[in-house]
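Sequential numbering from 267 applies to the sequence shown in my numbering. Yeah, the Cβ is synthetic: ideal placement off N, Cα and C, and Gly gets one too. It should be emphasised that the depicted structure is a prediction, and the values quoted were computed from it without experimental measurement. Have a look at the structure below before the remarks.
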Amino acid sequence: MGNRTVVPVVGISSRTYSSSSSLSSSPSPSSNVTVTLTASTDTSPSNTNMSSTQQPRRRSLPSDGKTLGDFVSSSTHGLPVDNNNNNNNNNNDRKNNGRFFYIKTYGCQMNVNDTDIVRAVLLKEGYQEAQSEQDATIWLTNTCAIREKAEQKVWQRLQTQKNLIHKQQQHPKQEQKQPVVVGVLGCMAERLQEQLLEQKVADLVVGPDAYRDIPRLLDLLITETKTTSATTTAPTTTMGQAPNDDDDDEDDIIVSSASSSSPLHVGWAMNVQLSLDETYSDILPVRSTETPHSAFVSIQRGCSNRCSFCIVPFTRGQERSRPLESIVAEVTQLLEQTDGNTLKEVVLLGQNVNSYHDRSTGALAARPLSTLPGLSNPGFRNRINRTNHVGGYTFVDLVEAIADLSPELRVRFTSPHPKDYPNELLHCMAERPNVCNQLHLPAQSGSTSMLRRMKRGYSRDAYLELIENVRTIIPDVALSSDFIAGFCGETEQEHLDTVTLLEQVEYEQAFLFAYSMREKTHAHRVMEDDVPKSVKQARLQQLIDTFRTRIHAKNERVEVGKLRLVLVEGPTKRQNQEWYGQEAKTTVGESQQQSGTWHGRTDQNKRILFQVQKQSDATALVLNESFANDHVLAASTSTSSHQYSPNNNSSRSSSMTTLTAGDYAVVEVTEAKGHTLRGRILWKTTLANFAMMESNQLSKLHPEQLDGFKDHLIIVQ
Ligand code: SF4
Numbered sequence: 267m268g269n270r271t272v273v274p275v276v277g278i279s280s281r282t283y284s285s286s287s288s289l290s291s292s293p294s295p296s297s298n299v300t301v302t303l304t305a306s307t308d309t310s311p312s313n314t315n316m317s318s319t320q321q322p323r324r325r326s327l328p329s330d331g332k333t334l335g336d337f338v339s340s341s342t343h344g345l346p347v348d349n350n351n352n353n354n355n356n357n358n359d360r361k362n363n364g365r366f367f368y369i370k371t372y373g374c375q376m377n378v379n380d381t382d383i384v385r386a387v388l389l390k391e392g393y394q395e396a397q398s399e400q401d402a403t404i405w406l407t408n409t410c411a412i413r414e415k416a417e418q419k420v421w422q423r424l425q426t427q428k429n430l431i432h433k434q435q436q437h438p439k440q441e442q443k444q445p446v447v448v449g450v451l452g453c454m455a456e457r458l459q460e461q462l463l464e465q466k467v468a469d470l471v472v473g474p475d476a477y478r479d480i481p482r483l484l485d486l487l488i489t490e491t492k493t494t495s496a497t498t499t500a501p502t503t504t505m506g507q508a509p510n511d512d513d514d515d516e517d518d519i520i521v522s523s524a525s526s527s528s529p530l531h532v533g534w535a536m537n538v539q540l541s542l543d544e545t546y547s548d549i550l551p552v553r554s555t556e557t558p559h560s561a562f563v564s565i566q567r568g569c570s571n572r573c574s575f576c577i578v579p580f581t582r583g584q585e586r587s588r589p590l591e592s593i594v595a596e597v598t599q600l601l602e603q604t605d606g607n608t609l610k611e612v613v614l615l616g617q618n619v620n621s622y623h624d625r626s627t628g629a630l631a632a633r634p635l636s637t638l639p640g641l642s643n644p645g646f647r648n649r650i651n652r653t654n655h656v657g658g659y660t661f662v663d664l665v666e667a668i669a670d671l672s673p674e675l676r677v678r679f680t681s682p683h684p685k686d687y688p689n690e691l692l693h694c695m696a697e698r699p700n701v702c703n704q705l706h707l708p709a710q711s712g713s714t715s716m717l718r719r720m721k722r723g724y725s726r727d728a729y730l731e732l733i734e735n736v737r738t739i740i741p742d743v744a745l746s747s748d749f750i751a752g753f754c755g756e757t758e759q760e761h762l763d764t765v766t767l768l769e770q771v772e773y774e775q776a777f778l779f780a781y782s783m784r785e786k787t788h789a790h791r792v793m794e795d796d797v798p799k800s801v802k803q804a805r806l807q808q809l810i811d812t813f814r815t816r817i818h819a820k821n822e823r824v825e826v827g828k829l830r831l832v833l834v835e836g837p838t839k840r841q842n843q844e845w846y847g848q849e850a851k852t853t854v855g856e857s858q859q860q861s862g863t864w865h866g867r868t869d870q871n872k873r874i875l876f877q878v879q880k881q882s883d884a885t886a887l888v889l890n891e892s893f894a895n896d897h898v899l900a901a902s903t904s905t906s907s908h909q910y911s912p913n914n915n916s917s918r919s920s921s922m923t924t925l926t927a928g929d930y931a932v933v934e935v936t937e938a939k940g941h942t943l944r945g946r947i948l949w950k951t952t953l954a955n956f957a958m959m960e961s962n963q964l965s966k967l968h969p970e971q972l973d974g975f976k977d978h979l980i981i982v983q
């Protein structure tokens, strides 16, 4: 063991499925054990030839409907705390000062958000975050278990760490920091539990509902072990109550045995206990600063649907929603921290985000008589029993409450289930300019017989009806989906049904995967993973090719020539080389300008590249809105283009302003390159002003209007 300082510690416990968890920011001093359950996402198709009998509703500025006061009760229970101002100069702070941790995150946005929660928990206890693993003595990996490939990446990392540690133990160098604790967090920790210890790749194993307990477990490993000899707890039995399942009477109980300790170092600790109500609602996540204008906010955890292929209900537990008031408070705090100048986008996160339902005491008191909106349409079935007259806040209430916080804040959400898209939600998206016109509708398959085996609760026809309804209410919507190639028993015809669904709907984005069986799932228990790997790969490739061909054609048809509101993300990593694979030459008026390639996201979440006139590495010069809008609005109301041509002698400097990441800009789409767009930046704007322009039906510029700007626009050659 070389010069390692830790002494054996064994963390164990009785494994029970907890029905309550402390909302206090301090971990419970008692329990230290574990159990598991998981969840994932979905998609859906649409018919591009569908008829629309209903006039699209025009999006309007956020107005005077509900206000924050309608949603926030007087109770302060469950509000997030400001982890940076919590007067935490206490013993823990001093004790942990100088202990550096590093977290590597794999998987989805929920995992990114979970890492932010773990970071908040550790910083509050006085730990410090290192910029690299080499500078840390606590190595944490937040993991994903959704597919075999995702787990393989983590196994590789853990094996590399193990080899490094053993090498260091053989040849200790005084000046080189060595990890004291190697921890595995999240879904793989929940799924594999003792196996990670038996393989000697981790000292600490913590499931998604036990992050509050990490400081206590670290204490056991780092502090107490210095003075205590090994504490051994007898192996225990874990019993996890699986989610309710209407039509399944199998596998409701998960039983596993803890093994004896096999630590990577000399001690280990584990807590994989799942909770029925843990939402971390009182913890303000500490985010990385890479994209300060965008924040993920977790609103719901777990999933009770139990699609037959999915591990998520077994690693993340049952579905539960965070109180609306705590979510509103968190976003308000984020806006206040930056005077509303920096945060421009919030992504609401949950495993079944659109089945959000806040039934907290405060919500039931404020909304005792509310009714749950219906399922997407009559063709959808909910696998969880739910009564419609339940009180509390629903997902539409939450989206409206967040959208009301600032007209300049874009609201997105992921990952939803197609069963929970009632018309109330679709109309909310259509009418509010700051709720993005982007929907994820995970289909998983285009075959009704396959959807039945997958236990998805809808047919191909019902799904297509939903798409038609969505596109009728939100004509400019962008759709995305998830698909699995080669699920158990997939026939050639079932595969072709998925291909035709992709062709019919023409998704803007698709997440396509070859099936890999996961233990504990319904499929693992009763089905056979019988599609050969080579067939899975061939089918996956056909799905990828179909998607790519369709999206390129669709973007050329639908996007080119449109004006899009773009949330600017700044310079691309490759800067000038990204345009056409070589440095672009640009001119403004008569002169050559120093330009760079920047990028951003449209309301529909499409990435768009555009050239800017560089002012510095992080700023650019762009037309200001008053100059540009004068000409656009004049052009839109004039009968003659000559009346609104700008004065060529007008001062160029007075027409320009500075553009940075996090600003909104109007960009004209000039080209489609597969899924990515290219465009010409026109002027800086605000979300509210662009909405006003759209409501005047100025989604395209006439050539004579562009003439008015030509001396000011960057021209890419
Ligand atoms: Fe997994 Fe189905 Fe739940 Fe999505 S809805 S997380 S696919 S079980």
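- Three or more pairs of CB atoms, one per stretch, sit closer than 8 Å, so the stretch 533-547 contacts the stretch 455-473.
- Counting every other CB atom within 10 Å of its CB across the protein chains shown gives His761 a total of 16 or more, marking it as buried.
- Pairing Asn821 with Gln710, the inter-Cα distance amounts to about 23 Å.
- The beta carbon of Thr381 lies closer than 6 Å to those of Ile369, Thr371, Asn408 in the same chain, with the five residues before and after it left out.
- Spatial neighbours of Leu967 in its own chain (CB-CB distance under 6 Å, excluding positions within 5 residues in sequence) are not present.
- By alpha-carbon distance to Arg946, the top candidate from Thr581, Ser892, Cys410, Gln879 is Gln879.
- In the structure shown, the three-state DSSP call for Gln710 is strand.
- The nearest non-hydrogen atom of ligand 1 is less than 7 Å from the C-beta of Arg572.
- Pairing Ala386 with Leu487, the inter-Cα distance amounts to about 20 Å.
- Taking all protein chains in view, the Cβ of Gln397 is surrounded by fewer than 16 other Cβ atoms within 10 Å, so the residue is classified as exposed.
- Asn618 has its Cβ nearer than 7 Å to a heavy atom of ligand 1.
- Membership of Phe580 in the alpha helix (DSSP H) is indicated by the continuous run 579-582.
- Runs of the alpha helix (DSSP H) spanning 4 or more residues and lying entirely within the stretch 618-692 occur at 627-632, 661-669, in chain order.
- Sequence-distant partners of Glu417 (beyond 5 residues in either direction) whose C-beta falls short of 7 Å from its own C-beta, in its chain, are Ala411, Met454.
- Closest in alpha carbon position to Ala931, among Asn895, Thr838, Gln603, Phe749, is Asn895.
- Annotation: Asn651 to Phe575 spans about 21 Å, alpha carbon to alpha carbon.
- Distances taken from the Cβ of His978 to the heavy atoms of ligand 1 include none shorter than 7 Å.
- Taken from the Cβ of Cys374, every heavy atom of ligand 1 lies 7 Å or farther away.
- The stretch 542-562 and the stretch 594-612 touch, with three or more beta-carbon pairs separated by less than 8 Å.
- Bridge pairing for Asp748: Phe777 [DSSP].
- When the beta-carbon positions are compared, Glu774 and Val935 stay at least 8 Å from each other.
- When C-alpha distances from Val834 are compared across Met716, Arg867, Pro682, the shortest belongs to Arg867.
- Considering only Glu399, Val384, Glu395, the residue with the shortest C-alpha distance to Gly364 is Glu395.
- Per the coordinates, the alpha-carbon of Leu887 lies some 11 Å from the alpha-carbon of Ser920.
- When the five nearest sequence neighbours on each side are left out, the beta carbons in the same chain lying within less than 6 Å of the beta carbon of Glu937 are those of Arg944, in order along the chain.
- In the same chain as Asp727, and ignoring 5 residues on each side of it, the C-beta atoms closer than 7 Å to its own belong to Gly645, in chain order.
- Non-local beta-carbon contacts of Ile740 in its own chain, meaning distances under 8 Å to residues more than five positions away in sequence, involve Pro322, Leu692, Met695, Ala696, Asn703, Leu705 in chain order.
- The three-state secondary structure of Asn408, taken from DSSP, is strand.
- Here Pro474 is actually not in contact with Gly449; their C-beta atoms are around 13 Å apart, not less than 8 Å.
- With a contact defined as Cβ atoms closer than 8 Å, Ser587 and Gln566 qualify at about 5 Å.
- Relative to ligand 1, Pro579 has its C-beta within less than 7 Å of a heavy atom.
- For Thr923, the secondary structure class from DSSP, reduced to helix, strand or coil, is strand.
- Cβ contact annotation for Asn620 (same chain, cutoff 6 Å, sequence separation greater than five): Phe661, Pro682, Asp686, in chain order.
- When the Cα atoms are used, Ala954 and Ser672 turn out to be separated by approximately 10 Å.
- If the five residues before and after Asp929 are omitted, its C-beta is found closer than 7 Å to the C-beta atoms of Val834, Lys950, all from its own chain and listed in chain order.
- Straight-line measurement puts the Cα of Arg482 at about 40 Å from the Cα of Val792.
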